[in-house]
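One structure below.
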Amino acid sequence: MARIYWGYLSLFWYKSSLHFLFGKNFERATKIVDQRGVKRITGEPSGRSVFQVLGESRRKEEYFCFPENYCGCYSFFYDIVNRGEQLCCKHQLAARLAASLGACIEVKVSDEQLVILLSNL
């Protein structure tokens, strides 16, 4: 019983810490992950990959992102690059969470197809 209690306590602590670091983007990112909105597109045979993350708007846009460096969404350029107010956007955070939890939809393509996808960024 004590083990279960400590498990919940540590889960609460981690969730609180992530919410403190990422604010509103943490809850939005978890919603995207819960809706299975993260695809990892991997080129073969190189193994290079990019994430395609579903947006929350009614248009259901999909944004290509590299979780540590770039996202094609407006918020990335406005809140992170221009204003420096956030550490990352919700799409980058969703990609990181999904990769860590094994919750990505895995898509395999040829390296040539991946190059064409990335050339449209």
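Going by my numbering, the final residue of the sequence shown carries number 123, and the count climbs one at a time with no gaps.
Using N, Cα and C, we set each Cβ at its ideal position, and we do this for glycine too.
Supposed close pair residue i, residue j - CB separation, criterion 8 angstroms
i      : j      : result
His93  : Tyr72  : Their Cβ separation, rounded to whole angstroms, is 10 angstroms, which puts His93 and Tyr72 out of contact at 8 angstroms.
Lys41  : Ile107 : 5 angstroms
Ser125 : Gly45  : Since the first residue shown for the chain is 3 and the last is 123, residue 125 is missing from the structure and cannot be characterised.
Ala96  : Ala31  : 4 angstroms
Arg50  : Leu116 : 6 angstroms
Check whether residue i and residue j have beta carbons under 8 angstroms apart
i      : j     : result
Phe53  : Cys67 : yes
Val109 : Ile34 : no
Burial state of residue i, where buried means 16 or more other Cβ atoms lie within 10 Å
i      : result
Val55  : buried
Ser121 : exposed
Glu114 : exposed
Residues bridged to residue i (per DSSP)
i     : result
Gln54 : Lys41, Phe66
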